[in-house]
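Beneath this line is the structure, given in structure tokens, with notes to follow.
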Amino acid sequence: MRRIMSFLEPSAGRELVLPVTPSSYEWTHGNRVETIQLDQLGEINLPGGRLMGSCTLSDVLFPARLYPFCNPGAVANPYVYLEQLQRWSDSRKPVRWIVSGTPTNALVLLESVTYGERDGTNDVYASISLRQYTAPETPVLAISGGDAKTSRDASTGAASTRTYTVQAGDTLSGISRKFYGDSSLAYRLAAANSKIIKNPNLIYPGQVLTIPPKDQLPAAMQVSASVKTAKATKTVYSKEDKIWKVQLAKEQAAMR
Numbered sequence: 635m636r637r638i639m640s641f642l643e644p645s646a647g648r649e650l651v652l653p654v655t656p657s658s659y660e661w662t663h664g665n666r667v668e669t670i671q672l673d674q675l676g677e678i679n680l681p682g683g684r685l686m687g688s689c690t691l692s693d694v695l696f697p698a699r700l701y702p703f704c705n706p707g708a709v710a711n712p713y714v715y716l717e718q719l720q721r722w723s724d725s726r727k728p729v730r731w732i733v734s735g736t737p738t739n740a741l742v743l744l745e746s747v748t749y750g751e752r753d754g755t756n757d758v759y760a761s762i763s764l765r766q767y768t769a770p771e772t773p774v775l776a777i778s779g780g781d782a783k784t785s786r787d788a789s790t791g792a793a794s795t796r797t798y799t800v801q802a803g804d805t806l807s808g809i810s811r812k813f814y815g816d817s818s819l820a821y822r823l824a825a826a827n828s829k830i831i832k833n834p835n836l837i838y839p840g841q842v843l844t845i846p847p848k849d850q851l852p853a854a855m856q857v858s859a860s861v862k863t864a865k866a867t868k869t870v871y872s873k874e875d876k877i878w879k880v881q882l883a884k885e886q887a888a889m890r
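Counting from 635, one number per residue, gives the positions in the sequence shown under the numbering used here.
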């Protein structure tokens, strides 16, 4: 069965089939192995990170005329193929490399394309160096005092919404100071979590709060009646009567 080797640009749906399949190829797969020296034990090998696959296609023939062994649809113009390969290499965008009838199907970067003529036939022979591509993963950042996760937009790197798990002793003012450096944003943070926070003065361990970027915080939520009452009154314990007395704050100030 004849193998077909091709490159596919996923974003544009553009495909390039090599006019002549190379006689051989080798694809590297594996993991790094770290060797450490321990006293009295000697060398110990430990598994490291994954190795990205790589391959160099050697003596790739781009014919100046159609030979009987050319793949169907081949074009007798070497530079049609070379120009496309160089465009992909210059764009620094990954393409998919596929070898038909095999498990080889990898997203790769074209590291280099080296080519030249040899025998006066105008045929071009090329060496194409490929390296496997993997998109970088979003880092997860831990913040002491709770579980916090940071996500970033893959295209811009801009900070987006985080989450924070409330711990015993936390207050919205303290959480606002931790994430925004400004405790006065507590009520706006409460508004961003209005589904689970009904009273900004009452949060509970285990609640998972949404922490938007500062410039995306909504307007402060309306202060509840209980909060207004707490601000408008002063509660004092009377040792003589052995009871708690509630008095309007304004009245108490006037009596001083």
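Note that CB positions come from ideal geometry on N, CA and C, so glycine has one too. Note that the coordinates shown come from a computational prediction; the quantities given were computed from them, not determined experimentally.
Measure from the alpha carbon of Val-694 to the alpha carbon of each residue in Ile-762, Arg-822 and Glu-668, then state which is nearest.
Within the sequence shown, numbered from 1, the residue matching residue 694 stands at position 60. Nearest C-alpha to Val-694: Ile-762.
Would you be able to state if there are at least three C-beta pairs under 8 Å between the stretch 713-733 and the stretch 641-658?
Yes, they touch.
If you run the structure through DSSP and keep just helix, strand and coil, what is Phe-696?
Along the sequence shown, read from residue 1 onward, the residue named residue 696 stands at position 62. Three-state DSSP puts Phe-696 in a strand.
Who are the near neighbours of Met-639 in its chain, counting only those whose CB is closer than 7 Å to its CB and skipping five residues on each side?
The residue given as residue 639 occupies position 5 in the sequence shown. For Met-639, where only same-chain residues beyond five positions count, the Cβ hits under 7 Å are Leu-652, Thr-655, Pro-656 and Val-733.
Element boundaries [beta strand (DSSP E), containing Gly-750]:
Translated into the one-based positions of the sequence shown, residue 750 becomes position 116. Run containing Gly-750: 739-751, per the beta strand (DSSP E) assignment.
Beta-ladder partner(s) of Ile-732, from DSSP:
Here residue 732 corresponds to residue number 98 of the sequence shown, with the count starting at 1. Paired residues: Ser-640 and Asn-739.
Nearest neighbour of Arg-637, chosen from Pro-706, Gly-750 and Glu-751 [CA to CA]
For the purposes of this step, residue 637 is identified with residue 3 of the sequence shown, where counting begins at 1. Closest by alpha carbon: Pro-706.
Backbone secondary structure at Tyr-590 - three-state DSSP
Residue coverage of the chain in this structure runs from 635 to 890, which leaves residue 590 outside it and unanswerable.
Beta strand (DSSP E) segment containing Ile-762, residue limits:
Taking the first residue of the sequence shown as position 1, residue 762 is located at position 128. Looking at the DSSP string, the run of the beta strand (DSSP E) that includes Ile-762 is 758-766.
Opposing strand residues paired with Gly-664 [DSSP bridges]
As a first step, residue 664 must be located in the sequence shown, where it is residue number 30. Residue pairing from DSSP places Gly-664 in a beta bridge opposite Leu-685.
Give the DSSP-derived three-state secondary structure of Pro-653 in the structure shown.
As a first step, residue 653 is located in the sequence shown; it is residue number 19 there, counting from the start. Look at Pro-653 here: in three-state DSSP terms it is coil, with no helix or strand label.
What did DSSP end up calling Leu-675 once you bin it into helix, strand or coil?
Position 41 of the sequence shown holds residue 675. Looking at Leu-675 - three-state DSSP - the assignment turns out to be coil, as it is neither helix nor strand.
So, is Tyr-821 buried or exposed, given that buried needs 16 or more other C-beta atoms within 10 angstroms?
By one-based count along the sequence shown, residue 821 stands at place 187. Result: buried.
Please report the residue range of the alpha helix (DSSP H) in which Ile-809 lies.
Sequence index remark: in the sequence shown, residue 809 carries index 175 (1-based). From DSSP, the alpha helix (DSSP H) with Ile-809 extends over 806-814.
For Val-800, three-class secondary structure by DSSP:
Counting from one through the sequence shown, the residue named residue 800 turns up at place 166. Coil at Val-800, not helix or strand.
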